[in-house]
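>
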Amino acid sequence: MSDPINLIANWLQGLLLGLGLSVGLTKIILSFVGAVVVATIGMLTVIFLIWLERKIAGRIQDRLGPNRAGPYGLLQPFADVIKILTKEYTTPDGADVVVYNIAPIMAVASVLLIWAVIPFASTVVGTNLNVGVLYIMAVGAFGLLSILMAGLSSNNKFALLGAFRSVAQLISYEIPMVVSLLMPVIFARSMGLVDIVEAQMPWFIILSPLAALIFIIASMAEVNRAPFDLMEAESEIVAGFHIEYSGMKFGMFYVGEFLHVFTVGALVATLFLGGWRGPWAEQYPILGLIYFYIKTFVGYFIVAWVRLTVPRIRIDQMLDFNWKFLTPLSLVLLIITAVLDRVLVLVNSERWVYSLVMFLANILIIWATVEVLKKTTSKPKRKEFPMRPVAMAPETSTSTEPSS
Amino acid sequence: MITLNWVLIFSAALFSIGLFGVLARRNAVAILMGIELMLNAVNVNLVGFWRFSNPAVITGQAFAVIVFAVAAAEVAVGLALVISIYRRRKTIAADDIDLMKW
Amino acid sequence: MDNNWLYIGLFFLVAPLIPALAILAPLFLAPKKPNKIKSQIYECGIETYGETWIQFKVQYYIFALIFLVFDIETVFLYPWAVAYNSLPLFAVFEGVLFIIILLAGLVYVWRKGDLEWV
Amino acid sequence: MTGMDSLFLIFAVITLISAFLVVTTKNLFHAALWLIMTLFGVAAIYVLLNAFYLAVIQVIVYIGAIAILMIFAIMLTQRVMNPSGRIFNKNWIIAALLGAFMFIGLVIISMQTGASKTTLPQISGQLDTVSELGQALVSPNAYVIPFEVASVLLLAALIGAIFVSRKR
Chain A
48 MSDPINLIAN
58 WLQGLLLGLG
68 LSVGLTKIIL
78 SFVGAVVVAT
88 IGMLTVIFLI
98 WLERKIAGRI
108 QDRLGPNRAG
118 PYGLLQPFAD
128 VIKILTKEYT
138 TPDGADVVVY
148 NIAPIMAVAS
158 VLLIWAVIPF
168 ASTVVGTNLN
178 VGVLYIMAVG
188 AFGLLSILMA
198 GLSSNNKFAL
208 LGAFRSVAQL
218 ISYEIPMVVS
228 LLMPVIFARS
238 MGLVDIVEAQ
248 MPWFIILSPL
258 AALIFIIASM
268 AEVNRAPFDL
278 MEAESEIVAG
288 FHIEYSGMKF
298 GMFYVGEFLH
308 VFTVGALVAT
318 LFLGGWRGPW
328 AEQYPILGLI
338 YFYIKTFVGY
348 FIVAWVRLTV
358 PRIRIDQMLD
368 FNWKFLTPLS
378 LVLLIITAVL
388 DRVLVLVNSE
398 RWVYSLVMFL
408 ANILIIWATV
418 EVLKKTTSKP
428 KRKEFPMRPV
438 AMAPETSTST
448 EPSS
Chain B
28 MITLNWVLIF
38 SAALFSIGLF
48 GVLARRNAVA
58 ILMGIELMLN
68 AVNVNLVGFW
78 RFSNPAVITG
88 QAFAVIVFAV
98 AAAEVAVGLA
108 LVISIYRRRK
118 TIAADDIDLM
128 KW
Chain C
91 MDNNWLYIGL
101 FFLVAPLIPA
111 LAILAPLFLA
121 PKKPNKIKSQ
131 IYECGIETYG
141 ETWIQFKVQY
151 YIFALIFLVF
161 DIETVFLYPW
171 AVAYNSLPLF
181 AVFEGVLFII
191 ILLAGLVYVW
201 RKGDLEWV
Chain D
44 MTGMDSLFLI
54 FAVITLISAF
64 LVVTTKNLFH
74 AALWLIMTLF
84 GVAAIYVLLN
94 AFYLAVIQVI
104 VYIGAIAILM
114 IFAIMLTQRV
124 MNPSGRIFNK
134 NWIIAALLGA
144 FMFIGLVIIS
154 MQTGASKTTL
164 PQISGQLDTV
174 SELGQALVSP
184 NAYVIPFEVA
194 SVLLLAALIG
204 AIFVSRKR
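Below is the structure:
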């Protein structure tokens, strides 16, 4: 009973083979069922996540969050789903109807596709692609495309502006993301996510905390969450690329965004926090699944926390931060990691020495970066105003009457 | 049973469609799209020859990777030229851009 | 072609199917009473003014250009990283040289002021 | 192996139809979307031919970068929704004939070689093409010179393209 998921899969396989189906067809049907289950669980998680995030937001902003529908407002997301299902669709005049309708589908699909390569536990693995990490980046291209399609087909200026802004942001932050993902690949000598999880004898966040940090920041920009939510920017361009969408079509963009944040949590867990690894995870794969979900929620919580704490940045700051800080930093980190790795392997050091040197090198880079930033950045010059009394004590107010 | 010929015919068709696009379209961006199609056809050929001759020798894939880099450079410079021409002449129709004809 | 990609291929079928079903459901559940005003383009409550396809800054294109070059070069580093164990020392420095050329490009566009959003 | 054959045919037909629409669609934004469809079909064919790394970078580079760049250029240069004027130039019939001759000629040439008899060789299970490619691209007796030259070429393209498109 240590592995209920594979038990069910084996039972299903036996059942299908018993029905007289061929081996190849059975494999296809099993893969199909697996894909449907993984995708459906992803979608259902979102319903819970929306409630969770609203609760966290409430707590951080010193209010209650949803608390009317059901205990602790747990039924609130279901009420929202029912509401959004019965909303009318409006299609704007002059919209490019086919493209307009495909865009929200692609937005969700591009995120769901990432779940195809994530290992949930030691035995529950969809696939182990030998190009897994690059597959994740490739699927991200479809998300980019969905935003562009939504913005260009809506026949709306705000949508167009939002789409262009967000594409500029997404493509910029893809560079540090790709480079930071090279670090786990160098450590694991493989692009397959299963291999990467199995190689994490100390977790990769210990080997390269800076890479994890860069990855989290870059993916925060990739999911368009505050502080990088320029493309929505309610106060500037109303809602950005999905302004003309209503009802479930808008809901799909919303779901896509939440699911993407959760997926980022899963990627952080898989690539840097050891995936399903933990005590007794090899013997009892179901434990690995639980560890994986806990780590995913940790990653998710970090992203949500930053979103609720930090204000939105301007577009020039966003681009400067990426091109003048994150990209050079990640490239320098890559050079140092590559050279150090080769040197440490050449002197044939122990695993703990390797980890310690890598960790110290990362800390050193962070320290040096902070020092360089202190030296080079100047504080924004604000106009100095003379000190003026705001309120005056009653006895002095008559003598120092302002001249104005 | 799939043979090398299938891949070759497919890439020949892709190449010919791209060639037609390059020669017949008026819009300069569309011409660049045609060139992309032709480069893709070349890549399909390279991969096909790699797969059907000796997969242990990686030459075909290495060539295809270099073609990727060349295609990217070509698109970057080509589109920059198109934008520059548009800014001066307010058109990107290829048969209107005849400044250097004689 | 191996079985891993069969699963990926099926995922490519399933992943669009679920949101497509969710989008189709309101066609049976939701009211449908379109009118002229409802389907107007939203523009903060005023009537639509001018053309939608406005001219954009060339800056967007320049950033996309820088992205294209960097994206390709970083993607080429992945096979190098995968093969890291079996590389000779010379090859490691080839990779580092590659990254340095990349950094030189970044320094160039930075110096020339093309990274400024003006 | 009939499954693979039919998959190849399906992807090939989808790709060729989209490619045809790329060169004949009037609306350039739609043409770009069809181009993306074509490139995706080519990526699927790479997967069928076991070139996984190429399939993935096909999507990353072509769809994620080149197609986006094209859409940006379209937005910068033309009113897409109201395309005016003809699609083709005066010589389009000659171009079509030339394309058809090219196709027929290539098919005849490939028929005359032994290509129609070359079947898929088996790939051994432990052949890791990504790792092989990584070694080939940086090892001195293989492709290190093209690899480094490609990076210099991209750098030159970056500098040149920015110089041309910059506002003066």
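Taken in sequence, the protein lines are chains A, B, C and D. If you count the first sequence from 1, you need to add 47 to reach my numbering. If you count the second sequence from 1, you need to add 27 to reach my numbering. If you count the third sequence from 1, you need to add 90 to reach my numbering. If you count the fourth sequence from 1, you need to add 43 to reach my numbering. The beta carbon of each residue, even a glycine, is placed where N, CA and C say it ideally should be.
I'd like the list of long-range same chain contacts for N369/A, defined as Cβ closer than 7 Å, with 5 residues on each side in sequence excluded.
Excluding residues within five positions, the ones whose Cβ falls inside 7 Å are S219, Y220, P223.
> Quick one: what's F131/D bridged to in DSSP?
Bridge partners of F131/D: R52/B.
> Give me the chain D residues within the contact set of M184/A, using Cβ-Cβ distance strictly less than 7 Å, ordered along the chain.
Ordered by position in chain D, the residues that pass the 7 Å Cβ test against M184/A are I103.
> Note down, in chain order, every chain A residue with its Cβ under 8 Å from the Cβ of F190/D.
Neighbours of F190/D on chain A: none; closest Cβ ~16 Å, over 8 Å.
> If the criterion is Cβ atoms closer than 9 Å, does the pair E269/A and L217/A meet it?
Cβ distance < 9 Å, so E269/A and L217/A count as in contact.
> Mark G67/A as exposed unless 16 or more other C-beta atoms lie within 10 angstroms of its C-beta, in which case mark it buried.
Burial call: exposed.
> Does I112/B get closer than 9 Å to chain C when you measure Cβ to Cβ?
Not closer than 9 Å to any Cβ of chain C, the Cβ of I112/B fails to qualify, so no.
> So with CB distances below 8 Å, who are the chain A contacts of A110/C?
Residues of chain A passing the Cβ test: I152.
> Which value, in whole angstroms, describes the spacing of the CA atoms of A246/A and L46/B?
Looking at the two C-alpha atoms, the distance is approximately 48 Å.
> Show which residues of chain D have a CB atom less than 8 Å away from the CB atom of M65/B.
By Cβ distance, chain D contributes nothing, its closest Cβ being about 10 Å from M65/B, past 8 Å.
> Using DSSP with H/G/I as helix, E/B as strand and the rest coil, what is V123/D?
For V123/D, the predicted structure reports a pLDDT of 46, less than 50, and the residue's modelled location is therefore unreliable. The matter cannot be settled from this model.
> Check whether the Cβ of V172/C lies closer than 9 Å to any Cβ atom in chain B.
No, because no Cβ of chain B sits closer than 9 Å to the Cβ of V172/C.
> Pick out the complete alpha helix (DSSP H) segments inside the segment 71 to 149 of chain A, 4 residues or longer, and give them in chain order.
Here the runs fully enclosed are 123 to 132.
> Taking F95/B as the query, report the chain C residues whose CB atoms sit under 7 Å from its CB, ordered along the chain.
Correct list: I162.
> For chain D, is any of its Cβ atoms less than 9 Å away from the one on E184/C?
Answer yes: the Cβ-Cβ gap between E184/C and chain D drops below 9 Å somewhere.
> What do you get for L72/A, buried or exposed, if any count of 16 or more other CB atoms within 10 angstroms of its CB means buried?
With fewer than 16 other Cβ atoms within 10 Å, it is exposed.
> Do A87/D and A98/D have their C-beta atoms within less than 9 Å of each other?
Taking 9 Å as the Cβ cut-off, A87/D and A98/D qualify as a contacting pair.
> Would you say V102/B faces chain C, with C-beta separation under 9 Å as the test?
Taking Cβ atoms only, chain C reaches closer than 9 Å to V102/B, which makes this a yes.
> What residues in the segment 145 to 179 of chain D have a beta carbon less than 8 Å from any beta carbon of chain B?
Result list: M145, F146, L149, V150, S153, M154, A158, S159, K160, T161, T162, L163, P164, I166, S167, L170, T172, E175, L176, A179.
> Suppose you measure from the CA of K422/A to the CA of T81/D; what does that come to, to the nearest Å?
Going from the Cα of K422/A to the Cα of T81/D covers about 51 Å.
> Quick one: what does DSSP say A328/A is sitting in, helix, strand or coil?
Coil at A328/A, not helix or strand.
> To the nearest angstrom, how far is it from the Cα of F83/D to the Cα of V419/A?
One C-alpha to the other measures close to 44 Å.
> Assuming A57/B contacts S208/D under a Cβ cut-off of 8 Å, what Cβ separation, rounded to an integer in Å, is found between them?
Contact flag wrong, Cβ pair sits at about 19 Å.
> Assuming L225/A contacts L191/A (C-beta within less than 8 Å), just tell me the rounded distance between them.
Per the sequence presented here, residue 225/A reads as Val, with Leu not at that position. Their Cβ separation, rounded to whole angstroms, is 14 Å, which puts V225/A and L191/A out of contact at 8 Å.
> Three or more C-beta pairs under 8 Å: does that hold for the segment 73 to 93 of chain A against the segment 145 to 164 of chain A?
Because the criterion of three Cβ pairs below 8 Å is met, the segment 73 to 93 of chain A and the segment 145 to 164 of chain A touch.
> Sorted by chain position, which residues of the same chain lie with C-beta nearer than 6 Å to E329/A's C-beta, five sequence neighbours on each side aside?
Excluding positions up to five away in sequence, the list reads S169.
> Look at the Cβ atom of L64/B, then the Cβ atom of A62/D, and state whether they are nearer than 9 Å.
Closer than 9 Å, so yes.
> To which residues does DSSP link A120/B through a beta bridge?
N54/B, per the DSSP bridge assignment.
> For T343/A, name the three-state secondary structure that DSSP assigns.
DSSP places T343/A in helix when its eight states are reduced to three.
> May I ask you to list the residues that DSSP assigns as paired with T170/A?
Answer by DSSP bridge pairing: none, since T170/A is not bridged.
> Tell me, please, whether the segment 248 to 260 of chain A touches the segment 109 to 119 of chain A by the rule of three or more beta-carbon pairs shorter than 8 Å.
With the cut-off at 8 Å, the segment 248 to 260 of chain A and the segment 109 to 119 of chain A do not touch.
> Find out if the Cβ-Cβ distance for the pair I109/D, L195/A is shorter than 9 Å.
In this structure, L195/A does not lie closer than 9 Å to I109/D by Cβ.
> Please say whether F166/C and S194/D have beta carbons closer to each other than 9 Å?
Yes.
> Please check the pair L119/D and I62/B, which I expect to be a contact at CB under 8 Å, by giving their CB distance rounded to whole angstroms.
Going by Cβ atoms, the distance from L119/D to I62/B rounds to 19 Å, so no, they are not a contact pair.
> Mind checking if M47/D is an interface residue toward chain E, Cβ cutoff 9 Å exclusive?
The chain inventory of the structure shown lacks chain E, comprising the protein chains A, B, C and D.
> Are the segment 134 to 147 of chain A and the segment 170 to 189 of chain A touching, with three or more C-beta to C-beta distances below 8 Å?
Not touching, per the Cβ criterion.
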